[in-house]
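Below: the structure, in structure tokens.
Residue numbers (the numbering used here): 66 to 302.
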């Protein structure tokens, strides 16, 4: 018996079985839930139907990657990993390049800051006027979503953090043919995958970067989050 059960990140890829990349065995979500009667479940990247089923079974759970204390710190290795991918897949430096960050959430904020520190010309796309004002205040160049297509031609690197498709075929056609697109968002991502395959744009999927580029740091961040969860429950790790 244990008080806490920590699931894989993400919890599932196919919606039916737990994500178990290091094992040949499949563990169905249904069987997993049957055995989870009293523990506090620490899961990640939960889809609405799974959340509904957890609630129906009255299971206590939290989505680790939705915790501000984890998600904000995770943005650091994500940003550094994204820049690493960009440097490895381009013939130019980040310095003096033109980079656009799509989205100004936790990851977008940290990534824009890191890019500017490396000497990039940083553009940030956002929808809300509030975010656009903050983008300008941080001395990045704001790009309203409705103006994005007209500006895509000039970007060397495109970093997407928005889990909704905003780049369709017309956007892809407008991109610099030597541009590198790095997908940081969870599926379905921000670009038309079927169309981009037949285009010169370099497409780089970059999911779950913290565990790939900085596993020890990623583990420390999760440990930090678990301590917070247990402290709220009146326990110690």
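The C-beta atom is built at its ideal place from N, Cα and C for all residues, glycine as well.
With contact defined as three or more Cβ pairs closer than 8 Å, the region 120-133 and the region 152-162 are not in contact. Linking residue 84 to residue 291 through their CA atoms gives a straight-line distance of about 20 Å. Inside the region 149-208, DSSP marks whole beta strand (DSSP E) runs of 3 or more residues at positions 163-167, 186-191, from first to last along the chain. Exclusion of the five residues before and after residue 104 leaves 67, 68, 69, 70 as the residues of its chain whose Cβ lies within less than 7 Å of its Cβ. In this structure, the straight-line span from the alpha carbon of residue 220 to that of residue 80 is close to 36 Å. Here residue 264 has 237 as same chain residues with Cβ atoms under 7 Å from its own Cβ, once five neighbours each way along the sequence are excluded. In terms of CA proximity to residue 203, 174 leads the group 230, 193, 174.
About 13 Å separates the CB atoms of residue 213 and residue 246; that is not less than 8 Å, and the two are not in contact. Fewer than three pairs of CB atoms, one per stretch, sit closer than 8 Å, so the region 129-141 makes no contact with the region 85-99. In the displayed model, residue 252 falls within coil according to three-state DSSP, outside both helix and strand. Taking the Cα of residue 77 as reference, the smallest distance to any Cα among 109, 89, 299 is reached at 109. With 16 or more other Cβ atoms from the protein chains shown falling within 10 Å of its own Cβ, residue 140 counts as buried. Taking 8 Å as the cut-off, the beta carbon of residue 189 is found closer than this to the beta carbon of residue 177. Residue 233 counts as exposed, since fewer than 16 other C-beta atoms from the protein chains shown sit within 10 angstroms of its C-beta.
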